[in-house]
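Student: Basically our numbering = 1-based index in the sequence shown + 66.
Just so it is clear, CB atoms sit at the ideal spot from N, CA and C, and this is done for glycine as well.
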Amino acid sequence: MADTPLSSKRMTTPAIEVCPSTDLVDGGLAHKLPVRHAGEATTAFFVRYEGRAYGYLNRCPHMGSPLDWEGHVFTRAGDQLMCARHGATFRPDTGECTGGPCQPSRLSALKVTEAGQAVLWWPEGKTEPA
Numbered sequence: 067m068a069d070t071p072l073s074s075k076r077m078t079t080p081a082i083e084v085c086p087s088t089d090l091v092d093g094g095l096a097h098k099l100p101v102r103h104a105g106e107a108t109t110a111f112f113v114r115y116e117g118r119a120y121g122y123l124n125r126c127p128h129m130g131s132p133l134d135w136e137g138h139v140f141t142r143a144g145d146q147l148m149c150a151r152h153g154a155t156f157r158p159d160t161g162e163c164t165g166g167p168c169q170p171s172r173l174s175a176l177k178v179t180e181a182g183q184a185v186l187w188w189p190e191g192k193t194e195p196a
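(1) Just checking my contact of residue 161 with residue 122 at CB under 8 Å: how many whole Å lie between their CB atoms?
(2) Take the Cβ of residue 135 as the centre, count every other Cβ of all protein chains shown within 10 Å, and call the residue buried at 16 or more, exposed below.
(3) Roughly how far, in whole angstroms, is the beta-carbon of residue 137 from the beta-carbon of residue 99, given that I think they are within contact range, below 8 Å?
(4) Going along the chain, which residues of its own chain have a beta-carbon closer than 6 Å to the beta-carbon of residue 93, five neighbours each way excluded?
(5) How big is the Cα-Cα spacing for residue 119 and residue 80?
(6) So for residue 88, helix, strand or coil by DSSP?
(7) Suppose you measure from the CA of residue 179 to the CA of residue 88; what does that come to, to the nearest Å?
(8) Does any CB atom of chain D fall closer than 8 Å to the CB of residue 126?
(9) Check this for me: beta carbons of residue 107 and residue 193, under 8 Å apart or not?
(10) Just the Cα atoms here: how many angstroms apart are residue 155 and residue 163?
(11) For residue 135, name the three-state secondary structure that DSSP assigns.
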């Protein structure tokens with residue numbers, strides 16, 4: 067069998083197990099993981115909203131600072147994500163900025179699935195495991 071040129075091979079990155087599914091509660095604390103984004107050390111966070119798990123790079127688009135404060139990313143109502151430093155708000159299901167100094171922008175979303183009672187992150191693009 068002849069070797070296939072690297073450019074035509076389908077490159078896949080295995081999923082990273084983030085946490086047990088039960089660790090993410092609707093509107094609750096975020097689960098954070100260390101990651102590298104564009105070669106820089108940072109974190110990603112994972113949350114549950116309306117029964118589904120979501121993941122985002124932990125950087126506010128306004129100034130690049132972490133969005134969370136000790137794992138807190140939801141507003142008190144649990145219906146929006148909020149930057150602890152600037153008060154910008156984001157839709158939990160899309161990362162779209164809904165208010166504050168970030169408009170019009172969005173959080174950098176990560177590919178997340180759930181399988182076998184675990185939340186899985188599928189690294190792609192500029193964000194990779196640390």
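Tutor: Walking through what the data contain:
(1) 6 Å
(2) exposed
(3) That pair is no contact at about 12 Å.
(4) 140, 144
(5) 18 Å
(6) helix
(7) 14 Å
(8) Among the chains of the structure shown, chain D does not appear; only one protein chain is present.
(9) no
(10) 6 Å
(11) strand
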